[in-house]
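Below is one structure; the comments refer to it alone.
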Amino acid sequence: MTFSEKTILVTEGAGFIGSHAVVQLLNEGFRVSIIDNLDNFVTEAVDRVRDWFGPKRSQNLEFHLGDLRNKDLEKLFSQTQFDALNHFAGLKAVGESVANPRHYFDWHY
Ligand SMILES: NC(=O)c1ccc[n+]([C@@H]2O[C@H](COP(=O)([O-])OP(=O)(O)OC[C@H]3O[C@@H](n4cnc5c(N)ncnc54)[C@H](O)[C@@H]3O)[C@@H](O)[C@H]2O)c1
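Residue numbers (full-length UniProt numbering): 1 to 109.
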């Protein structure tokens, strides 16, 4: 299997660190799938990556709007077999966590 046949899932691919990882993976020739709930970002980040790579190379990039804490991830795993996962998604702003602590608790058990 060559690099270009390998598919990497990037959680938070629309976020700061994840979007940089996506650019690097696409540059290396991987196919990339992103899952992000856009809690702290907007699809423009993904659009910018697509603009950067152009229509042909952007065919290697898929965006899935979804939350890691529910069935969205399960659904994605049932549709695609990934070769690796880069996990970056999370909430991490200290000020926000103090101002809105409930947002930082996970109520899914
Ligand atoms: N930015 C830094 O300097 C830095 C340094 C060290 C470690 N980190 C860690 O790297 C990770 C990413 O940081 P960042 O700065 O890129 O954050 P960011 O806020 O830019 O991106 C976080 C992304 O995760 C997504 N997200 C959050 N919860 C989600 C969920 N339940 N399901 C799906 N998507 C979800 C948000 O929508 C957002 O796009 C964090 O875990 C952070 O602690 C960041």
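In this text, a Cβ means the ideal position worked out from N, Cα and C, and glycines have one as well. Note that this is a predicted model, so its numbers are computed, not measured.
By the C-beta density criterion, E44 is exposed, having fewer than 16 other C-beta atoms within 10 angstroms.
Around the Cβ of E28, a 10 Å sphere holds fewer than 16 other Cβ atoms; the residue is exposed. Excluding residues up to 5 positions away in sequence, T7 and L9 lie with their Cβ nearer than 6 Å to the Cβ of F82 in the same chain. Going by beta carbons, F41 and A14 fall inside the 9 Å limit.
Proximity of the region 14-24 to the region 91-102 falls short of the contact definition, fewer than three beta-carbon pairs being nearer than 8 Å.
Collapsing the DSSP output to three states places N60 in a helix.
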